[in-house]
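Visitor: Each protein sequence line maps, in turn, to chains A and B.
Just so you know, we're using the working numbering here: the first sequence kicks off at 953 and counts up by one.
Just so you know, we're using the working numbering here: the second sequence kicks off at 953 and counts up by one.
Protein chains: 2
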Amino acid sequence: MPRVSRAQAVQNRERPVQAAELFRERGVDHVSVQDIMAAVGLTHGGFYRQFESKEALLPEAARHAYDSMAARLTELDASVADHTAAQRRFIQTYLSPSHRDHPGQDCPTAGLVQDIARTSSAETRDLLTSGVADLGEWLDQPGRDGLVTACTLLGALLVARAAAGSPLSTQVLEQVRAALISPT
Amino acid sequence: MPRVSRAQAVQNRERPVQAAELFRERGVDHVSVQDIMAAVGLTHGGFYRQFESKEALLPEAARHAYDSMAARLTELDASVADHTAAQRRFIQTYLSPSHRDHPGQDCPTAGLVQDIARTSSAETRDLLTSGVADLGEWLDQPGRDGLVTACTLLGALLVARAAAGSPLSTQVLEQVRAALISPT
DNA sequence: TGTTTTAGATGACGTGTATCATCTAAAACA
DNA sequence: TGTTTTAGATGATACACGTCATCTAAAACA
């Protein structure tokens, strides 16, 4: 049990940060330190060697999540003809039933807004803030303010999640999708 | 201390439901049964005479909140010239710094989406669902889908709350306000 | 006024969980 | 190969909270 190779150890240090996608799925309060470490195959003990506290994990998790999101945006741009196509593609995916049903992946803002709004350090708030701002810029279009688009996406996704099960859920996704993709 | 008049008792039964605005402020998990009862001037003991469990309070609180929101919309319509003016007024208020800073009041959806998405009974989800649907209808405009507007408002408010303190917070409010009120 | 009812108070109980002190064996290095 | 270092395991502590059984005094009613 104790002592793995130095390389392993370094790698392990990253894993709780990734496992913190549980935060996005269930909400910070519904994830225990044990849950996180168990998801990584370790026991709760080692946690406090790496992190000050459970609270301190949130900003690291947020940073990690926003980084991968940024990476995904770049990829998206590279994979299609022009930026407009990328934007359209992003919106489609963002408002897909699959994204609705898997909060652990993709948009960190959707999973964390509320938790961040309530408890967080300035650092964490800044991460969210600039994450949203960046997305807003990326979504900018001639006739439409990207920041507004970002808010619409976020709101729609959250409503769709809360309404999951009801027909309104899918309806919201589709109606918003239509509105954002067609002109003006 | 025990035993108040029958009328008082009936009235008291309503008060925890109102006090559950704390749910919207802090999130369900950060409000204890004691907090709720204390807010009402009572002790935690009486709670379980009135409610099955803490969980059972959420739907009642949600219903209460959506009811008062509906009432406010009606009032708004009565207080201004036409429906369009009422809509404009609503959006202004919804995206005001004051609304941002007082999550206990006004929009129940903004305070509860996440909590409802995660844990709730079908009943609670339905409350949110129809609350959003109703608001969407109310916000409908010739050129703009009301449901989409509702999502935009929600998203903007949540971002503004999470970003509170940063300049982006106010910027989001203003930018979205501008986009929703000007034509198209 | 005496009896009955019951709103609300008190005080436990059990559980879940963050945190920390301590222990261990294996890796690293001599 | 012997010594030192340390990643991670174990177990204990402390506390917050939901829930409930029990108690009380005053209101309701005769």
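Don't be surprised by glycine CBs; every beta carbon is placed ideally from N, CA and C.
Being a predicted model, the structure only gives us computed values, none of them experimental.
#1: Please state if the CB of Gly-1088 of chain B and the CB of Leu-1099 of chain B are separated by a distance shorter than 7 angstroms.
#2: For Ser-1072 of chain A, count neighbouring Cβ atoms within 10 angstroms of its own Cβ and tell me buried if that reaches 16, exposed if not.
#3: Would you say Val-1111 of chain A reaches chain B, if we count a Cβ-Cβ gap shorter than 7 angstroms as a contact?
#4: Using 8 angstroms as the threshold, is the region 1103-1122 of chain B in touch with the region 1059-1071 of chain A, meaning 3 or more CB pairs across them?
#5: Can you confirm whether Val-1065 of chain A, when its beta carbon is compared against all beta carbons of chain B, has any partner nearer than 7 angstroms?
#6: So if I threshold CB-CB distances at 7 angstroms, which residues from the region 1047-1060 of chain B count as touching chain A?
#7: With distances taken from CA atoms, which of B:Gly-1117, B:Ala-1102, B:Gln-1002 and B:Arg-1077 is nearest Asp-1078 of chain A?
#8: Would DSSP call Gly-993 of chain B helix, strand or coil?
#9: Determine whether the Cβ of Asp-981 of chain B lies closer than 7 angstroms to any Cβ atom of chain A.
#10: Taking 7 angstroms as the threshold (C-beta atoms), are Leu-994 of chain B and Val-983 of chain B in contact?
#11: Just to confirm my understanding: we take Thr-1136 of chain A, look at its own chain, exclude 5 residues before and 5 after, and list those with CB closer than 6 angstroms. What are they?
#12: Quick check for students: name the residue ranges of the alpha helix (DSSP H) that lie wholly in the region 1057-1092 of chain B, counting only runs of 4 or more.
#13: Can a CB atom of chain A be found closer than 7 angstroms to the CB of Val-1084 of chain B?
#14: Looking only at C-alpha atoms, which of B:Cys-1059, B:Val-980 and B:Thr-1101 sits nearest to Leu-1024 of chain B?
#15: Please report the residue range of the alpha helix (DSSP H) in which Leu-1025 of chain A lies.
#16: For Leu-1132 of chain A and Pro-1011 of chain A, I'd like the C-alpha separation in whole angstroms.
#17: For chain A, check one thing: does any of its Cβ atoms lie closer than 7 angstroms to the Cβ of Gln-1127 of chain B?
#18: Cutting at 6 angstroms between CB atoms, please list the residues of its own chain near Ala-1017 of chain B, excluding the five before and the five after it.
#19: Note the first and the last residue of the continuous alpha helix (DSSP H) segment covering Gln-968 of chain B.
#20: Out of curiosity, what's the CA-to-CA distance linking Arg-967 of chain B and Glu-1004 of chain A?
#21: If the criterion is Cβ atoms closer than 7 angstroms, does the pair Pro-1049 of chain B and Arg-976 of chain B meet it?
#22: Between which two residues does the alpha helix (DSSP H) holding Val-1124 of chain A run?
#23: Can you grab the Cα-Cα spacing for the pair Ser-1082 of chain A / Ala-1114 of chain B, in whole Å?
#24: With C-beta atoms as the reference, is Leu-1125 of chain A less than 7 angstroms away from Leu-1009 of chain A?
#25: Just tell me which of A:Arg-1001, A:Val-969 and A:Gln-1002 has its CA closest to the CA of Ile-988 of chain A.
#26: Would you kindly work out how many angstroms separate the C-alpha atoms of Val-1032 of chain A and Trp-1090 of chain A, rounded to a whole number?
#27: In the DSSP assignment, find the alpha helix (DSSP H) that holds Val-1111 of chain A and state where it starts and stops.
#28: Check this for me: beta carbons of Glu-1014 of chain A and Thr-1076 of chain A, under 7 angstroms apart or not?
#29: Against chain B, does Arg-958 of chain A count as a neighbour if the rule is that its beta carbon must be under 7 angstroms from one of theirs?
#30: On the three-state DSSP scale, how would you describe His-1054 of chain A?
#31: Let's test the definition: count the other Cβ atoms within 10 Å of the Cβ of His-996 of chain A and tell me whether it reaches 16, buried, or not, exposed.
#32: If Asp-981 of chain B and Asp-981 of chain A are in contact, beta carbons under 8 angstroms, what's the gap, nearest whole angstrom?
#33: For the region 971-1004 of chain A, enumerate the residues whose C-beta is nearer than 8 angstroms to any C-beta of chain B, in chain order.
#34: Can you give me the C-alpha to C-alpha distance between Glu-1027 of chain A and His-1051 of chain A, rounded to a whole angstrom?
#35: In whole angstroms, what separates the C-alpha of Met-953 of chain A from that of Val-985 of chain A?
#36: State the Cα-Cα distance for the pair Ala-1074 of chain B and Asp-1034 of chain B, rounded to the nearest angstrom.
Guide: To lay it out plainly:
#1: Residue numbering aside, residue 1099 of chain B sits at position 147 when the second sequence is read from its first letter. Residue numbering aside, residue 1088 of chain B sits at position 136 when the second sequence is read from its first letter. Yes, the Cβ-Cβ distance between Leu-1099 of chain B and Gly-1088 of chain B is below 7 angstroms.
#2: Taking the first sequence and counting its residues from 1, one reaches residue 1072 of chain A at position 120. Counting Cβ neighbours within 10 Å, Ser-1072 of chain A comes out buried, since at least 16 surround it.
#3: If you number the first sequence from 1, residue 1111 of chain A lands on position 159. So, interface residue.
#4: Yes: at least three Cβ pairs fall under 8 angstroms.
#5: Translated into the one-based positions of the first sequence, residue 1065 of chain A becomes position 113. Val-1065 of chain A counts as touching chain B.
#6: Cβ contacts with chain A: none found.
#7: Position 126 of the first sequence holds residue 1078 of chain A. Nearest option by C-alpha distance: B:Gly-1117.
#8: Position 41 of the second sequence holds residue 993 of chain B. Judged by DSSP in its simplified three-state form, Gly-993 of chain B adopts coil rather than helix or strand.
#9: Residue numbering aside, residue 981 of chain B sits at position 29 when the second sequence is read from its first letter. At least one C-beta of chain A is nearer than 7 angstroms to the C-beta of Asp-981 of chain B.
#10: As a working note, residue 983 of chain B is residue 31 in the second sequence. As a working note, residue 994 of chain B is residue 42 in the second sequence. Against a cut-off of 7 angstroms, the Cβ pair of Leu-994 of chain B and Val-983 of chain B comes out as no contact.
#11: Reading the first sequence from its first residue, position 184 is the one you call residue 1136 of chain A. Any answer about Thr-1136 of chain A is weak, because its pLDDT of 49 lies below 50 and its placement is not dependable; what the coordinates show is given next. Short of 6 angstroms from the beta carbon of Thr-1136 of chain A, and not among the five residues preceding or following it, lie these beta carbons of its own chain, in chain order: Gly-1095.
#12: Positions of the alpha helix (DSSP H) runs, each at least 4 residues long and wholly inside the region 1057-1092 of chain B, are given as 1060-1071 and 1074-1091 in order along the chain.
#13: As a first step, residue 1084 of chain B is located in the second sequence; it is residue number 132 there, counting from the start. Chain A contact via Cβ: present.
#14: Residue 1024 of chain B sits at position 72 when you count from the first residue of the second sequence. It is worth fixing the name first, because residue 1024 of chain B is Arg in this sequence and not Leu. Minimum Cα-Cα distance from Arg-1024 of chain B among the listed residues B:Cys-1059, B:Val-980 and B:Thr-1101 corresponds to B:Cys-1059.
#15: Here residue 1025 of chain A refers to the residue found at position 73 when the first sequence is read from its first residue. It spans 1006-1031 - the alpha helix (DSSP H) in which Leu-1025 of chain A sits, taken as one unbroken run.
#16: To locate residue 1132 of chain A, count along the first sequence from 1; it is residue 180. To locate residue 1011 of chain A, count along the first sequence from 1; it is residue 59. When rounded, the distance between both Cα atoms is 31 angstroms.
#17: The residue given as residue 1127 of chain B occupies position 175 in the second sequence. At a cut-off of 7 angstroms between C-beta atoms, Gln-1127 of chain B counts as an interface residue with respect to chain A.
#18: As a working mapping, residue 1017 of chain B is identified with position 65 in the second sequence. Apart from sequence neighbours up to five positions away, the residues of its chain that approach Ala-1017 of chain B with a beta-carbon distance below 6 angstroms are Pro-1060, ordered along the chain.
#19: Here the question's residue 968 of chain B lines up with position 16 in the second sequence. Correcting the residue identity first, residue 968 of chain B is Pro in this sequence and not Gln. 958-971 is the span of the alpha helix (DSSP H), which, as asked, contains Pro-968 of chain B.
#20: Position 15 of the second sequence, counting from 1, holds the residue named residue 967 of chain B. Position 52 of the first sequence, counting from 1, holds the residue named residue 1004 of chain A. In a straight line, the C-alpha of Arg-967 of chain B is about 40 angstroms away from that of Glu-1004 of chain A.
#21: Locating residue 1049 of chain B in the second sequence gives position 97, where the first residue counts as 1. Locating residue 976 of chain B in the second sequence gives position 24, where the first residue counts as 1. In this structure, Pro-1049 of chain B sits away from Arg-976 of chain B, with a CB-CB distance that is not shorter than 7 angstroms.
#22: Reading the first sequence from its first residue, position 172 is the one you call residue 1124 of chain A. Note, Val-1124 of chain A: alpha helix (DSSP H), 1119-1133.
#23: Indexing the first sequence from 1 puts residue 1082 of chain A at position 130. Indexing the second sequence from 1 puts residue 1114 of chain B at position 162. If I take the Cα positions, the gap works out to 11 angstroms.
#24: For the purposes of this step, residue 1125 of chain A is taken as the residue at position 173 of the first sequence. For the purposes of this step, residue 1009 of chain A is taken as the residue at position 57 of the first sequence. No, these two residues do not count as a Cβ contact at 7 angstroms.
#25: Within the first sequence, residue 988 of chain A is the residue found at index 36, counting from 1. The candidate whose alpha carbon is nearest that of Ile-988 of chain A is A:Val-969.
#26: Sequence index remark: in the first sequence, residue 1032 of chain A carries index 80 (1-based). Sequence index remark: in the first sequence, residue 1090 of chain A carries index 138 (1-based). A direct Cα-to-Cα measurement between Val-1032 of chain A and Trp-1090 of chain A gives close to 15 angstroms.
#27: Here residue 1111 of chain A corresponds to residue number 159 of the first sequence, with the count starting at 1. Its alpha helix (DSSP H) spans residues 1098-1114.
#28: Counted from its first residue, the first sequence places residue 1014 of chain A at position 62. Counted from its first residue, the first sequence places residue 1076 of chain A at position 124. The sequence shown places Ala at residue 1014 of chain A, not Glu. At a Cβ-Cβ threshold of 7 angstroms, Ala-1014 of chain A and Thr-1076 of chain A count as neighbours.
#29: Position 6 of the first sequence, counting from 1, holds the residue named residue 958 of chain A. With 7 angstroms as the cut-off, Arg-958 of chain A does not count as an interface residue toward chain B.
#30: Numbered from 1 along the first sequence, position 102 holds the residue referred to as residue 1054 of chain A. In this structure, His-1054 of chain A counts as coil in the three-state DSSP scheme.
#31: Position 44 of the first sequence, counted from the start, is the residue given in the question as residue 996 of chain A. Counting Cβ neighbours within 10 Å, His-996 of chain A comes out exposed, since fewer than 16 surround it.
#32: Indexing the second sequence from 1 puts residue 981 of chain B at position 29. Indexing the first sequence from 1 puts residue 981 of chain A at position 29. With 8 angstroms as the limit, Asp-981 of chain B and Asp-981 of chain A qualify as a contact, their Cβ atoms being about 4 angstroms apart.
#33: Residues passing the 8 angstroms Cβ filter: Arg-978, Gly-979, Asp-981 and His-982.
#34: Position 75 of the first sequence holds residue 1027 of chain A. Position 99 of the first sequence holds residue 1051 of chain A. The alpha-carbon separation between Glu-1027 of chain A and His-1051 of chain A amounts to approximately 18 angstroms.
#35: In the first sequence, the residue the question calls residue 953 of chain A occupies position 1. In the first sequence, the residue the question calls residue 985 of chain A occupies position 33. At Met-953 of chain A the pLDDT is 49, less than 50, meaning the model places this residue with poor confidence and gives no usable figure here.
#36: Residue 1074 of chain B sits at position 122 when you count from the first residue of the second sequence. Residue 1034 of chain B sits at position 82 when you count from the first residue of the second sequence. Rounded to whole angstroms, Ala-1074 of chain B to Asp-1034 of chain B spans 36 angstroms at the Cα level.
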